[in-house]
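Have a look at the structure below, then the notes.
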Amino acid sequence: MKQYETVIGLEVHVELATKTKIFCSCSTEFGGAPNTHTCPVCTGMPGSLPVLNKQVVEYAMAVGLATNCKITQYCKFDRKNYFYPDNPQNYQISQLYLPICRDGKVEIQTENGTKTIGIHEIHMEEDAGKLIHDEWSDCSLVDFNRSGVPLIEIVSEPDMRSAEEVIAYLEKLRMIIQYLGASDCKLNEGSMRADVNLSIREVGAETFGTRTEMKNLNSFKAIARAIENETERQIDLLEAGKEVIQETRRWDDNKEYSYAMRSKEDAQDYRYFPEPDLVPIVISDEWLEEVRQRQPEFRDEKKARYVSEFKLPEYDADIITQYKKMADIFEKATEICKNPKKVSNYLMGETMRLLKEKSMDPDELTFSPENLAKLIGLVDKGVINGNTAKEVFAQIFENDTDPEVYVEEHGLKMDQDEDGLKKIVEEVVAANPQSVEDYKNGKEKAIGFLVGQVMRASRGKANPGMVNQLLKETLSNM
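If you read the sequence shown in numbering that gives the first Met the number 0, its first letter stands for residue 0, the second for the next number, and so on.
Set out below in structure tokens:
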């Protein structure tokens, strides 16, 4: 039986985190009422003229530098002509002939070790609008709020051979771009989207097979499923003696099925020509160096610093730095409470547990480092105990609640009344003679049960250290 190899290249579209669109001053904020973030420029009105947003160029340069690209210091825009209902001008301003970044690479980690994925180019362009298909009224509506939102398109070389490599590559890109602050890369909001170009060839063959492009991929899980499905579909076609047709396919993740949308276009089908309404972009050495100097501390450097400066275990540093949001919380909370290990413990323990429980990504964290630092301070000062701290942290995680206010309002401060605790201890000891006997016979674990009973009787408000001490004193006097 023939052995086949999957060949994959990606076109990754990333919405940039500018406040205004690429060629006009309309807001890029997500979630506005349909067609409220629009003007004559981004709705393609005749006679309107584009004006380039400088921040778009700087973000594109920053991503290019971070992905080891060569920056094209003389570049320009081109006009890509096509008709589609969400494309108001009947063309898109993009870059074909002189993209801003070329010949880059990133390294990914897979189960087979380190692999380098080439980046063919990164170019700037404007986004189209969004079609909303209303099944009830059997019509399609257009929202132009997204039209003109700035994009970079990162075009990889066909260097990936599996879904695992594709996901590793996408995670690496997302992490780099989030660290730069160039985009939030939220797949569920469409600010990061990937089109998968995939072909099959026999193992050992030098020429590529016929590729298809899959669209509508808005999660890493959907991308992995689409790759596996399309791989099987193409192998089945070849095994049946049929040809793979070069086409664009749409992936339906609910049905786990793709269907043909249209034949796959090549560049000549778009009738590209230089954009007549925009002058070329000239990037001086000084401007390029200025952007280079603003590059942040990326994950690898940050991870090494956390181990050396904060004495975190390698594993903790690896997990925390994987997500910029988590790293930001760690650094700010540590700066406030001066206790990096306890901050790390909360992030690695309760935070990761609640994220898993609620099926959330770390990028979706909304609590402030200030409130986490306050909670650690309450524990360190003996105001609340560890069990109460878990209850309070759940509120911080969910609502970014001020822990000091929450503890006060709910009467959660630890009971430091030694006489009152001593009375509870004596009652618990009297009610549990078997555990007392076990402890006297050398079973140290028995005291743990008694501590638990005292904590329950005090409604979790007792000081565990004081409870242990009073129990041992009481038991030693019996």
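Backbone N, C-alpha and C define an ideal beta-carbon position, used for all residues, glycine too. As the structure is a computational prediction, the values presented were derived from the model and not from experiment.
| Item | Value |
| --- | --- |
| Three-state class that DSSP yields for F22 in the structure shown | coil |
| Option in G30, G208, E308, M454 with minimal Cα separation from K129 | G30 |
| Helix, strand or coil at T27 according to DSSP, with G and I counted as helix | coil |
| Beta-carbon contacts of L186 that lie in its chain and below 6 angstroms, excluding the five residues immediately before and after | N217, S218 |
| Segment contact flag, the region 84-101 with the region 120-137, C-beta cutoff 8 angstroms, min 3 pairs | yes |
| Under 7 angstroms between C-beta atoms of E152 and H12 | yes |
| Given A456 as reference, the closest of K439, K444, V427, E156 once Cα atoms are compared | V427 |
| Strand pairing of K69, partner residues [DSSP] | R101 |
| Span of the beta strand (DSSP E), counted from its first residue to its last, around M213 | 211-214 |
| Within the region 109-143, ranges of the beta strand (DSSP E) (whole runs, at least 3 residues) | 112-125, 129-133, 138-142 |
| Beta-carbon spacing of S182, L15 below 7 angstroms | yes |
| Close-in-space but distant-in-sequence residues of the same chain around H132 (CB under 7 angstroms, 5 per side omitted) | S139 |
| Cut-off 7 angstroms between Cβ atoms - residues of its own chain near M347, not counting five sequence neighbours on either side | D315, I318 |
| 7 angstroms Cβ shell around A332 - same chain, five flanking residues per side excluded | V342, P368, L371, A372 |
| Span of the beta strand (DSSP E), counted from its first residue to its last, around I244 | Careful: I244 lies outside any beta strand (DSSP E) and carries neither H nor E. |
| Entirely enclosed alpha helix (DSSP H) segments - the region 276-339, minimum 4 residues | 284-292, 298-309, 313-320, 323-336 |
| Alpha helix (DSSP H) segment containing E363, residue limits | Taken as a continuous stretch (DSSP letters only), E363 belongs to no alpha helix (DSSP H), as it is neither H nor E. |
| Where A181 sits in the DSSP three-state scheme | coil |
| Residue range of the alpha helix (DSSP H) that includes N370 | 368-379 |
| Coil, strand or helix - N384 by DSSP | coil |
| C-alpha gap between S136 and E255, whole angstroms | 26 angstroms |
| Opposing strand residues paired with S198 [DSSP bridges] | V6 |
| Where the alpha helix (DSSP H) containing L354 begins and where it ends | 351-356 |
| Beta-carbon separation (whole angstroms), K171 vs I92, contact threshold 8 angstroms | Not a contact, Cβ separation roughly 28 angstroms. |
| Unbroken alpha helix (DSSP H) run spanning K79, endpoints | That residue, K79, is in no alpha helix (DSSP H); its beta strand (DSSP E) goes 77-80. |
| N-terminal and C-terminal residue of the alpha helix (DSSP H) that Y405 is part of | 402-408 |
| Integer-rounded CB distance, given that K69 should sit under 8 angstroms from P279 | Their Cβ separation, rounded to whole angstroms, is 17 angstroms, which puts P279 and K69 out of contact at 8 angstroms. |
| Beta-bridge partners of M159, as assigned by DSSP | I7 |
| For T66 and L97, the rounded distance between their alpha carbons | 18 angstroms |
| Check whether I244 and A162 have beta carbons under 7 angstroms apart | no |
| Beta-ladder partner(s) of M260, from DSSP | Bridge partners of M260: none, in fact. |
| Touch test, the region 18-25 against the region 187-204, Cβ-Cβ under 8 angstroms, three pairs minimum | no |
| Identified DSSP bridge partners for R192 | H12 |
| Per DSSP, the bridge partner or partners of D85 | Answer is none; D85 lacks a bridge partner. |
| Beta-carbon proximity list for E4, same chain, < 6 angstroms, skipping 5 on both sides | R200, V202 |
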